[in-house]
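Each step along the sequence shown adds one to the number in my numbering, with nothing skipped, and position 300 is 295.
In this text, a Cβ means the ideal position worked out from N, Cα and C, and glycines have one as well.
Here the structure comes first, spelled out in structure tokens, and everything after it is commentary.
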Amino acid sequence: MDSRSGVAEENTVSSKGIRKKVKNSESVALQRYKIDTYNLVDLDKVLNDVYCSCRPVSADYEARKDTLKHINALAFDIYGDSKGGRPVLKAYGSFAMDMFFARSDLDVSINFGDGVSELPRDSKLQILERFAEKLRSLQGEGHVRNVVSILSARVPIVRFLDQRTSVECDLAVDSKESVLNSRIIQIISQIDDRFQKLCLLIKHWAKAHDVNSALRNTLNSISITLLVAHHLQTQDPPILPPFSLLFKDGVDPPNVEKRTQEFLNREKRNKESLGRLFVTFFVKLQSVEFLWRQGLCVSLRSGLWISKRWRRAGVGINVEDFLDVSQNVARVVSDRGAKKIYSSINQTVEELFEFLNGKIDGAHLKDKLFVPQPLVEPPPPPPVPQVEVYHQPPHHNYRCDEFKGHHNKRPRFGNGDHITVRHRHGGEEPIHAADDDSHAIDLPPPPPPFGRVYRIYCDKFGPQNLP
């Protein structure tokens, strides 16, 4: 195991074995759902309608470009023509990938120089504090508001809202790898437009189901993007190539773009509709749920499922970073987060087939998949009735027929009934009905000086009096 990265090298033998398990699980799932027997034209229409309604328009692009200009002007005010040089600001994340929504925030990296070495964390924090101070000074002038420094995060940022464009922005320092990652994804998305469409739809779904939040230990946006890319890589025939074929001349964007051109000029062999890819994305993930703990991992470089063990036990989902294979980009997903993700996946598969079987219409499917549902609070437990029992020592064993309830009805304690005995002036002791046919309950002697009065709580009966 690499002590620095915390991962084991891929086990080729294990990878072959786990790919066989994935194939078998997916095959069984597809046969069970009989996806090929359905006409997916109506589903395609629903998904295309959703895509058209959520994709950004030209004004959204312009707003983000204007925000970048405003931040560049801010950098000039801070650094001017200083000896160390002004930083270069570059967008990354969903906007740079062209996979953003109108309400998406803008991720911006403040980069100093073109070197590959990373600034120490203390230097990053100092830079962010300078930007935060300048931004706060502008809050009263109507330019920005809601300036927040989040410096304890793994990637420290300063967050603010540009009031002139209504775009929320996250400023980071020296996130060069994220900038490169985003640029590569944007280049690869040109191979097939289904990649961009499916990413937007799955992100829209994830936001509606509250499973697109690193803070809540569910999927971050890059994990969703790479899961979609891998889904397209593992179709038959593949829609996207293994990234290793695009990295033969290195990962510099011009070289990747050159290699990508070879695939742009090829005829598309896979003709699957957006609807089928959407359904099989969830069915595929559903079918491999039990394999993550066995070391299942998504590999974009190989375009395959591989076996890889990560140091952190109990990890929910494993998605290898295609630039730094020692990193799991889905590492924030906890066991609890994975359960929430899979609960949403299972519910979605059920709803998709309800639509395909004509049980719900397209409008209802849109609401179920892409509209956040209100949280349903569990009903409060019913109030526990009180039973007062007057205890006459030394007889502290009573059969049920010695109790008289309302209208002289005698209660029936069942075997194992949970009963709590409380002294009127304090103290509490849980007891059970006797585990025999007598259904007797034993009342422990009350502690002095409180005498003989008990309260018995049992969810079956109203007030009971003991003669």
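Please list, in chain order, all residues of the same chain as residue i whose beta carbon is under 7 Å from its beta carbon, the five residues on each side excluded.
{"i": "SER89", "result": "PHE95, SER99 and SER216"}
{"i": "GLN185", "result": "THR255 and LEU259"}
{"i": "ASP157", "result": "THR62, HIS65, VAL139 and CYS164"}
{"i": "VAL41", "result": "GLY357, LEU360 and LYS361"}
{"i": "LYS404", "result": "A caution first: LYS404 carries a pLDDT of 37, below 50, which makes its placement in the model unreliable, though a value can still be read off. Nothing listed; no residue qualifies."}
{"i": "VAL283", "result": "VAL17, SER20 and LEU291"}
{"i": "LEU318", "result": "GLU172, LEU175, ASN176 and VAL246"}
{"i": "PRO232", "result": "ARG264 and ASN265"}
{"i": "SER10", "result": "ILE301 and SER302"}
Please work out which residues of its chain come closer than 8 Å, Cβ to Cβ, to residue i, disregarding the five sequence neighbours upstream and downstream, and give them in chain order.
{"i": "VAL142", "result": "ALA127, LEU130, ARG131, GLN134, VAL153, ARG154 and PHE155"}
{"i": "VAL278", "result": "GLU21, ALA24, LEU25, TYR28, ILE30 and VAL344"}
{"i": "ASN207", "result": "LYS198, ALA201, THR213, LEU214, ASN215, SER216 and ILE219"}
{"i": "PHE190", "result": "ILE183, SER184, VAL223, ALA224, LEU227, ILE234 and LEU235"}
{"i": "THR160", "result": "ALA58, ARG59, ASP61, THR62 and HIS65"}
{"i": "ILE355", "result": "GLU346, GLU349 and LYS363"}
{"i": "GLU113", "result": "ASP169 and LYS171"}
Report yes if the CB atom of residue i is closer than 7 Å to the CB atom of residue j, and no otherwise.
{"i": "ALA203", "j": "PHE348", "result": "no"}
{"i": "SER297", "j": "PRO237", "result": "yes"}
{"i": "LEU146", "j": "LEU120", "result": "yes"}
{"i": "GLN499", "j": "MET92", "result": "Outside the displayed span of the chain (-4 to 462) sits residue 499, for which this structure offers no information."}
{"i": "CYS195", "j": "LEU272", "result": "Strictly speaking, residue 195 in this sequence is Leu, with Cys absent from that position. No, Cβ-Cβ distance for LEU195 and LEU272 is not below 7 Å."}
{"i": "ASP316", "j": "VAL328", "result": "no"}
{"i": "VAL17", "j": "TRP305", "result": "no"}
{"i": "ILE105", "j": "VAL168", "result": "yes"}
{"i": "GLY290", "j": "GLY311", "result": "no"}
{"i": "GLY270", "j": "ASP44", "result": "no"}
{"i": "GLU346", "j": "LYS334", "result": "no"}
{"i": "ILE73", "j": "ARG125", "result": "yes"}
What is the residue span of the alpha helix (DSSP H) that residue i lies within?
{"i": "TYR87", "result": "Here TYR87 belongs to no alpha helix (DSSP H); instead the beta strand (DSSP E) covers 83 to 87."}
{"i": "ASN67", "result": "53 to 74"}
{"i": "SER48", "result": "36 to 49"}
{"i": "ILE122", "result": "116 to 132"}
Taking the beta strand (DSSP E) that residue i belongs to, which residues open and close that run?
{"i": "LEU101", "result": "101 to 106"}
{"i": "ASP165", "result": "162 to 168"}
{"i": "ASP157", "result": "152 to 157"}
{"i": "ASN260", "result": "That residue, ASN260, is in no beta strand (DSSP E); it is neither H nor E in DSSP."}
{"i": "ARG271", "result": "Counting along the chain, ARG271 falls outside any beta strand (DSSP E), though it belongs to the alpha helix (DSSP H) covering 269 to 282."}
{"i": "PRO239", "result": "The question names Pro, but residue 239 in the sequence shown is Ser. Careful: SER239 lies outside any beta strand (DSSP E), inside the alpha helix (DSSP H) at 238 to 241."}
{"i": "ARG149", "result": "From DSSP, ARG149 is part of no beta strand (DSSP E); its letter is neither H nor E."}
My understanding is that residue i touches residue j, with C-beta atoms under 8 Å, so please give their C-beta distance in whole angstroms.
{"i": "ILE340", "j": "LEU280", "result": "6 Å"}
{"i": "ALA58", "j": "VAL162", "result": "5 Å"}
{"i": "VAL293", "j": "ASN313", "result": "7 Å"}
{"i": "ILE179", "j": "VAL251", "result": "6 Å"}
{"i": "VAL103", "j": "LEU84", "result": "5 Å"}
Looking only at its own chain, which residues have a Cβ that is under 6 Å from the Cβ of residue i, when we skip the five neighbours before and after it?
{"i": "ASP37", "result": "none"}
{"i": "PHE465", "result": "As shown, the chain starts at -4 and ends at 462. That puts residue 465 outside it, with no answer to give."}
{"i": "PHE107", "result": "PRO82"}
{"i": "LEU35", "result": "SER268, GLY270 and ARG271"}
Could you tell me whether any non-hydrogen atom of the ligand NAP is closer than 6 Å to the CB of residue i?
{"i": "SER22", "result": "The model depicted lacks the ligand NAP and carries no ligand whatsoever."}
request  = Ignoring anything shorter than 4 residues or poking outside the region 288 to 372, list the alpha helix (DSSP H) runs there in chain order.
outcome  = 330 to 351 and 357 to 365
ask   = Which runs of the beta strand (DSSP E), 3 residues or longer, sit entirely within the region 177 to 230?
value = none
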